[in-house]
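Let me begin by presenting the structure, written as structure tokens, before commenting on it.
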Amino acid sequence: MQTYLTGTLAGAGSFRCSSCGFHVALQALDQMPECPNCGERHFARASMFDVAEPDQSSLHDDEDAGWLDGVRDGLTEPGQFLAFRDGERVSVLPLLREWTRIGRSLTADIRLDDPTVSRRHALVCHQEDRVRVLDDRSLNGTCVNGERVEWHDLADGDELVVGRYRLHYLDNVRVEAGSPA
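So this is what it looks like as structure tokens:
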């Protein structure tokens, strides 16, 4: 089986990390990245018939959970939000529309520019009584709290994994409404 190293042009397709099995999708001129899950540098071309789930353990270690507490404390307006950190940059995005598109496409409402994210990766549906995430037929899948899902109702504090990104759902409307007065 031919393996591809980080930094090489392997062509378009899906590739699986030789160490943990994490899948990445590449376009024709994308360079092979380091594995977003484990940092490994060797990949093999993946088959659409691969059914092995990637090891998600290193995605969910609490490196620095303090940043999320700071975001929650800084929310002054009631609402539902998605917060994520990319390096030192923290983004907090309010969910104002009925549908919020997450993906690598220029038309995505939340644009995550990384080869591990599909152009149309996931949708967040914001309805009156609930908020849910739906996987939009993405290659790498969408996980909520470490479990791969097709759709899932979100609760305050849930963690969504979209490619290499960890997005946190914050709902300070329902939390405040449920807290004793």
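Okay, so the sequence shown: first residue is 1 according to the numbering used here, each after it adds one.
Glycine is no exception: its CB is placed at the ideal position from the N, C-alpha and C atoms.
**Q.** Contacting residues, own chain, Cβ-Cβ under 6 Å from Q27 (five flanking each side not counted)
**A.** Taking the first residue of the sequence shown as 1, we reach residue 27 at position 27. Hits under 6 Å: A12.
Q. So is Q80 buried or exposed if we call it buried at 16+ other beta carbons inside 10 Å?
A. In the sequence shown, the residue the question calls residue 80 occupies position 80. It is buried - the Cβ of Q80 has at least 16 other Cβ atoms within 10 Å.
(Q) Quick check for students: name the residue ranges of the beta strand (DSSP E) that lie wholly in the segment 138 to 172, counting only runs of 3 or more. (A) 142 to 144, 147 to 149, 151 to 153, 159 to 162 and 165 to 171
(Q) Please classify G103 as buried or exposed, where buried requires at least 16 neighbouring CB atoms within 10 angstroms. (A) In the sequence shown, counting from the first residue as 1, residue 103 sits at position 103. With 16 or more Cβ atoms within 10 Å of its Cβ, G103 is classed as buried.
Q: Determine the extent of the alpha helix (DSSP H) in which A101 is found, giving its start and end residues.
A: In the sequence shown, the residue the question calls residue 101 occupies position 101. According to the sequence displayed, residue 101 carries Arg and not Ala. Here R101 belongs to no alpha helix (DSSP H); instead the beta strand (DSSP E) covers W99 to G103.
Q) How about R45 and F15: do their beta carbons lie closer than 7 Å? A) As a first step, residue 45 is located in the sequence shown; it is residue number 45 there, counting from the start. As a first step, residue 15 is located in the sequence shown; it is residue number 15 there, counting from the start. Yes, Cβ-Cβ distance for R45 and F15 is below 7 Å.
Q. What are the partner residues of Q80, as DSSP defines its beta bridges?
A. Walking along the sequence shown from the start, residue 80 turns up at place 80. Its beta-bridge partners are D171.
Q.
In this structure, how does DSSP classify R41 when only helix, strand and coil are distinguished?
A. The count along the sequence shown starts at 1 and reaches residue 41 at position 41. It is coil, neither helix nor strand.
Q: With a threshold of 16 other CB atoms inside 10 Å of the CB of R89, please say whether the residue is buried or exposed.
A: As a first step, residue 89 is located in the sequence shown; it is residue number 89 there, counting from the start. Counting Cβ neighbours within 10 Å, R89 comes out exposed, since fewer than 16 surround it.
Q: Find out if the Cβ-Cβ distance for the pair R142, V124 is shorter than 7 Å.
A: As a first step, residue 142 is located in the sequence shown; it is residue number 142 there, counting from the start. As a first step, residue 124 is located in the sequence shown; it is residue number 124 there, counting from the start. Checking the sequence shown, residue 142 turns out to be Thr, not Arg. Not in contact: T142 and V124 (Cβ atoms no closer than 7 Å).
Q: Taking all protein chains shown into account, decide if D62 is buried (16 or more other Cβ within 10 angstroms of its Cβ) or exposed.
A: Taking the first residue of the sequence shown as 1, we reach residue 62 at position 62. Low local confidence applies: a pLDDT of 48 at D62 is under 50, so the model's placement there is unreliable, with the coordinate-based value given in what follows. The residue in question, D62, is exposed, as its Cβ has fewer than 16 Cβ neighbours within 10 Å.
Q.
Quick check: what's the CA-CA separation for E98 versus E159?
A. Here residue 98 refers to the residue found at position 98 when the sequence shown is read from its first residue. Here residue 159 refers to the residue found at position 159 when the sequence shown is read from its first residue. Straight-line Cα distance between these residues: approximately 20 Å.
Q: Measure the alpha-carbon distance for E53 versus E147 and round it to whole angstroms.
A: Position 53 of the sequence shown, counted from the first residue, corresponds to residue 53. Position 147 of the sequence shown, counted from the first residue, corresponds to residue 147. Because E53 sits at a pLDDT of 48, beneath the cut-off of 50, its placement in the model cannot be relied upon, and the following sentence gives the value as read from the coordinates. Between E53 and E147, the C-alpha separation is close to 10 Å.
Q | Nonlocal neighbours in the same chain, by C-beta distance under 8 Å from C35, ignoring five residues either side | A | Taking the sequence shown and counting its residues from 1, one reaches residue 35 at position 35. So the qualifying residues of the chain are C17, S19, C20, F22, V24, R41 and F43.
(Q) Residues in the same chain with beta-carbon distance under 8 Å from L112, minus the five sequence neighbours each way, listed in chain order, please. (A) In the sequence shown, the residue the question calls residue 112 occupies position 112. Answer for L112: I102, G103, R104, H121, V162, G163 and Y165, listed in chain order.
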